[in-house]
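To start, the structure under review is shown below, and the notes come after it.
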Amino acid sequence: MSELRVVLAVSVISWGGILYFLLRLDARIKALERQYDSR
Amino acid sequence: MSWKYTLGFWFFLSIAGAFVYAPPAMGLGDLARIIFFHVPLAWVGVLAYLVAMVNGVRYLKTARPEYDHKAAFNAEIGLVFTLLATVTGAIFARHTWGMYWNWDPRQVSIFVLLLIYGAYFALRSSVENPQRRARLSAVYISLAFITVPFLVFIIPRLYPTLHPDPILNAERRINMEGRMLQVFLAFLAGFTGLYAWIAQLESRVLRLRARFKR
Chain U
1384 MSELRVVLAV SVISWGGILY FLLRLDARIK ALERQYDSR
Chain R
223 MSWKYTLGFW FFLSIAGAFV YAPPAMGLGD LARIIFFHVP LAWVGVLAYL
273 VAMVNGVRYL KTARPEYDHK AAFNAEIGLV FTLLATVTGA IFARHTWGMY
323 WNWDPRQVSI FVLLLIYGAY FALRSSVENP QRRARLSAVY ISLAFITVPF
373 LVFIIPRLYP TLHPDPILNA ERRINMEGRM LQVFLAFLAG FTGLYAWIAQ
423 LESRVLRLRA RFKR
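Chains as they are written, first to last, in our numbering: chain U, 1384 to 1422; chain R, 223 to 436.
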């Protein structure tokens, strides 16, 4: 059971990292799109 | 942006469901939980290859470079997800069969699939002329997809394998406990959403690159 908790924690943290990376990337692309549109 | 936060939350719930809500499977115990990740990863791989093929055909019809780029990034996504499915499969194999790799028909077929799509990128990098590269790549990616149903669905079912029954087995029935099935479907939807997000990001980068070039 404790092993399962470790895997759960690792999965949650990994997904959190992936999500954070994707959201930041999305925001960065959006900023570039705005920059282009305001030209 | 809101659907992306929903997707993020959806995955957190699905992960919690995989380890807390779904019961261990009969015989395989907690190890069976890897199915929630392994099968959707393979599914997204096949989906991305299908979209790559569609874009390859579109390029051959229209000769518009954007379709070539779309085919390439979808093949990239497919390759990454297939690789992850292979790794999760090998982890499962290590704990049930005692070895990470034993050339089971399932493992051979996914290995061949990785080689076929790996060769696509070798082909792309070996042709310098952009139009020629795009045309050859489009033909290759369109033909490559013909092998996918054989390698993923047919060949592994023709030979004796250690691989557990596919989700949809030979009797066309899903033998999965109710809660496991719910979590599995949640992951399937989640991974499909994740693929859509990654593909959308790649598309937007492509559009930006084209705009800034002008």
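For glycine and all other residues, C-beta sits at the position ideal for the given N, C-alpha and C. Values in this document were obtained by computation on a predicted structure and should not be read as measured data.
In this model, K283 (chain R) and G230 (chain R) are separated by some 37 Å (Cα to Cα). Contact annotation for L430 (chain R) against chain U: I1412, L1415, E1416 and Y1419 [CB-CB distance below 8 Å, chain order]. W419, L423, R426 and V427: these are the residues of the region 417-428 of chain R whose beta carbon lies less than 7 Å from some beta carbon of chain U, given in chain order. Contact check between the region 406-426 of chain R and the region 291-305 of chain R: three or more CB pairs, one atom from each, fall below 8 Å, which counts as touching. The beta carbon of L306 (chain R) is closer than 6 Å to those of L263 in its chain, skipping five residues each way along the sequence.
Taken through DSSP and simplified to helix, strand or coil, G320 (chain R) comes out as coil. For G230 (chain R), the nearest CB of chain U lies under 7 Å from its own CB, placing it at the interface with that chain.
Taken through DSSP and simplified to helix, strand or coil, A408 (chain R) comes out as helix. With 16 or more other CB atoms across the displayed protein chains lying within 10 angstroms of its CB, S364 (chain R) is buried.
Here S1394 (chain U) really is in contact with I237 (chain R); their C-beta atoms are around 5 Å apart, less than 8 Å.
Buried is the label assigned to F314 (chain R), since at least 16 other Cβ atoms lie within 10 Å of its Cβ.
G251 (chain R) carries a strand assignment under DSSP once its states are collapsed to helix, strand and coil.
Within the region 252-286 of chain R, contact with chain U at the beta-carbon level (separation under 7 Å) is assigned to D252. At least one CB atom of chain U sits nearer than 7 Å to the CB of I237 (chain R). In the structure shown, the three-state DSSP call for D326 (chain R) is coil. Neighbours of V1390 (chain U) in chain R, taken as residues at a C-beta separation under 7 Å, are given in chain order as F241.
Straight-line spacing of the CA atoms in P327 (chain R) and A254 (chain R) works out to 20 Å. Apart from sequence neighbours up to five positions away, the residues of its chain that approach G415 (chain R) with a beta-carbon distance below 6 Å are L229, ordered along the chain.
Residues of chain U with a Cβ closer than 8 Å to the Cβ of R433 (chain R) are, in chain order, Y1419.
Counting the other CB atoms within 10 Å of its CB gives I332 (chain R) a total of 16 or more, which places it among the buried residues. With 16 or more other Cβ atoms inside 10 Å of its own Cβ, V268 (chain R) counts as buried. Look at E424 (chain R) here: in three-state DSSP terms it is helix. Of the residues R:W225, R:P371 and R:Y243, the one whose Cα lies closest to the Cα of L1391 (chain U) is R:Y243.
Using beta-carbon distances, F303 (chain R) does not count as an interface residue toward chain U, since no partner is under 7 Å. Comparing alpha carbon positions, the residue from R:D252, R:A366 and R:R354 closest to V1389 (chain U) is R:D252.
Residue contact with chain U for F295 (chain R): absent (no Cβ-Cβ distance below 7 Å to any residue of chain U). Taking all protein chains in view, the Cβ of I338 (chain R) is crowded by 16 or more other Cβ atoms within 10 Å, so the residue is classified as buried.
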